[in-house]
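Asks: Using full-length UniProt numbering, the first residue of the sequence shown is number 1, and each one after it goes up by one. Dumping the structure here so I can ask a few things about it.
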Amino acid sequence: MHEEHRGQSGANSGEHRVLIVGGGITGLSAAHYVRKEADKLGLNCRIVLTEGSDKLGGKIHTMYRDRFVIEKGPDSFLARKQPIIDLTKELGLEGELTGTNPNAKKTYILRRGRLHRLPQGLVLGIPTEVKPFIKTGLISPAGKARAALDLMLPRRSSNEDESLGDFLERRLGREVLDRIAEPLLAGIYAGDTHALSLRATFPQFHEIEKKHRSLILGMIAGKSTPAPAPGKQLPNAGKGTVFYTYKRGLQTLVAALTDELRQAGVELRTAAMVESLHKTEDDGGYEVRVSVRGAAPVTETYDSVILTTPGYATAELLSGLPAAAHLRDMAYISVANIILGFKAKEIKFQMDGTGFVIPRTEGTTITACTWTSIKWLHTAPEDSVVLRCYVGRSGEEGWRTLSDEELVMRVRADLQNILGITAVPEFTEVTRLLRSMPQYPVGHLEAIAELERQLDTYLPGVYATGAAFRGVGLPDCVGQAKETARRLVAHAVSRAAAPSA
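Okay, here's the thing in structure tokens:
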């Protein structure tokens, strides 16, 4: 069964064969929505999903240790983003949702070795309340005066993309950018704000300036936005929370998707790497060469293909398209998560919030620390404290040469200096996420639009999506997967209905 062979195309077998490359949250969601759309539109569809590693779920990896629920990858998602809420409801998981601890509202920023509480009223790092911002020790009087100029500065006349850093510095000044906005916002991408596209990372800032002129006034107006329309209400679990996860971790979503897909007859293959993709000689489909670990490569034929792999891997499969060079050249940042578990009685520091972030200027190994067991009450027993420390951002990847033991030692040194923690952790867990954070450059969305145009023109029926395209968060990946599935099935149905030549 492992010999080289050529599969049947949908045109000959009476079914539309779909290959989804990549078994992360984008690929699994794409399989879910292709099946759903195909059922709705009456398309006879066979779906195969391949994943190069040994596990499905991509960066999502929940570890269960005694009474601990530990996330080795992402730990939550934004509650306000509807695509993942909709998927949660479709899978019957609404009862599994849980929000953050309602009594842990504070967040801190390190400044000259001391933790300062983030001023109340900040929205995405933008001040929207006067008194807390005036009182903060994070910004000098001159820096506060410069930020206030946003209330009078004109809007930018050009509609072209610019960097996130340039935008924030132009509106609020360098101090607010470096000491508050950059450590808060860049943490999502682990990148240099002056190299990240505004339109691709925080398009709402661009729209606010267009509509309100002042970023501060626009953010204040946004805080008074009416509640979601009926049918789009957030689940009851954790009302008022900014983030959601599941009571047994994000693996809950992966397990539910996997079970549903298997029951629906979707073929899920792990340890299966797609090596190449080419049009068939009659242009009726695509030949895909798949390398399965421990077996000879096989060539199979599919009518449609969705690529959800990292940008650099997708670029290799689409190397014949000039616009794929954008994905090939896009930078990726490596990061690591270091989990430390302690006995609560050994921690003297009063943790009354969700954690802290660290500007580049502080010179620490860690870039942020989440007080996980305080922020998420389901993650640890009451007599324990779990901290999750982050390492790595653009220009700071020297940690990759360190052993796990050396990395933990440096993280512990930072925790001692900042929080006074000298206790030996009961356990540590180091997760290295190499080349995991795509860096959207200025002009990214235009480059992606051109790639999609070339796919439609030269490889109709082939689609590419995922974190390298229009958002790195879990809801963004789910939303992109849903839209891609809709486009694929609509194209397949219209092609099937077209009269043959």
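Beta carbons: idealized from backbone N, C-alpha and C, even for Gly.
Measuring straight from C-alpha to C-alpha, what distance separates V408 and E397?
Replies: Looking at the backbone, the Cα of V408 and that of E397 are separated by about 15 angstroms.
Asks: For T354 and W371, I'd like the C-alpha separation in whole angstroms.
Replies: 5 angstroms
Asks: Indicate whether at least one CB of chain D lies closer than 8 angstroms to the CB of A264.
Replies: This model lacks chain D altogether, as it is built from one protein chain only.
Asks: Mind checking A336: buried by the 16 CB within 10 Å criterion, or exposed?
Replies: buried
Asks: Does DSSP put V424 in a helix, a strand or coil?
Replies: coil
Asks: Do the CB positions of V462 and Y312 come within less than 8 angstroms of each other?
Replies: no
Asks: Which of helix, strand or coil does DSSP assign to R487?
Replies: helix
Asks: Would I134 be called buried (16 or more neighbouring beta carbons within 10 Å of its own) or exposed?
Replies: The residue in question, I134, is exposed, as its Cβ has fewer than 16 Cβ neighbours within 10 Å.
Asks: Any contact of the region 465-478 with the region 74-93, i.e. 3+ C-beta pairs under 8 angstroms?
Replies: yes
Asks: Considering only their Cβ atoms, is the gap separating G420 from F349 smaller than 8 angstroms?
Replies: yes
Asks: Which residue from F469, V430, E426, T465 puts its Cα closest to that of H444?
Replies: The option with the nearest alpha carbon to H444 is F469.
Asks: Considering only the alpha carbon of each residue, which of I216, K36, Y189 lies closest to K144?
Replies: I216
Asks: Could you check whether V290 and Y302 sit closer than 8 angstroms to each other, using their CB atoms as the reference points?
Replies: Taking the C-beta atoms as reference points, V290 is found no nearer than 8 angstroms to Y302.
Asks: For the beta strand (DSSP E) that M63 lies in, which residues bound it at each end?
Replies: Judged by DSSP secondary structure, M63 falls within the beta strand (DSSP E) whose first and last residues are 62-65.
Asks: Measuring CB to CB, does S76 end up less than 8 angstroms from F243?
Replies: It is a contact, given that the beta carbons lie within the stated cut-off.
Asks: Which residue's Cα is closest to the Cα of A181: Y440, H212, D161, I139?
Replies: Ranking the options by Cα distance to A181, first place goes to I139.
Asks: Are the region 22-37 and the region 261-268 in contact at 8 angstroms, needing three or more beta carbon pairs?
Replies: Touching, per the Cβ criterion.
Asks: Give the list of continuous beta strand (DSSP E) stretches no shorter than 3 residues that lie fully inside the region 286-322.
Replies: 286-292, 298-302, 304-307
Asks: What's the call for M152, buried or exposed, on a 16-neighbour Cβ count within 10 Å?
Replies: exposed
Asks: What do you get for E4, buried or exposed, if any count of 16 or more other CB atoms within 10 angstroms of its CB means buried?
Replies: Per-residue confidence for E4 stands at a pLDDT of 40, beneath the threshold of 50, marking its modelled position as unreliable; the derived number appears in the next sentence. Answer is exposed; the Cβ neighbour count stays below 16.
Asks: Using C-beta distances below 8 angstroms, list every residue in its chain close to M437, excluding the 5 sequence neighbours before and after it, in chain order.
Replies: Excluding residues within five positions, the ones whose Cβ falls inside 8 angstroms are Y189, A190, G191, Y332, I333, S334, V335, V472.
Asks: Which residue from G294, R360, R199, E382 puts its Cα closest to that of A447?
Replies: R199
Asks: Rounding to the nearest angstrom, what Cα-Cα distance links V18 and M330 in this structure?
Replies: About 28 angstroms.
Asks: Within its chain, find whatever has a CB closer than 6 angstroms to the CB of R111; leave out the 5 residues flanking it on each side and keep chain order.
Replies: L138
Asks: Can at least three beta-carbon pairs, one atom from the region 337-344 and one from the region 52-61, be found at a separation below 8 angstroms?
Replies: As far as the Cβ criterion goes, the region 337-344 does not touch the region 52-61, which means the pair count is below three.
Asks: Just to confirm, is the Cβ distance from Y440 to L196 under 8 angstroms?
Replies: A contact, by the Cβ cut-off of 8 angstroms.
Asks: The beta strand (DSSP E) that contains M273, what's its start and end?
Replies: 272-279
Asks: Just the C-alpha distance for G187 and E37, rounded to the nearest angstrom, thanks.
Replies: 35 angstroms
Asks: Name the residue from L87, G222, D404, H491 whose alpha carbon lies nearest to the alpha carbon of A256.
Replies: L87
Asks: Looking only at its chain, what residues have a beta carbon closer than 6 angstroms to the beta carbon of T193, apart from the 5 residues adjacent to it on each side?
Replies: L164, G165, E182, A186
Asks: Enumerate in chain order the residues of its own chain whose CB-to-CB distance from H491 is below 6 angstroms, with the five nearest sequence positions on each side excluded.
Replies: none
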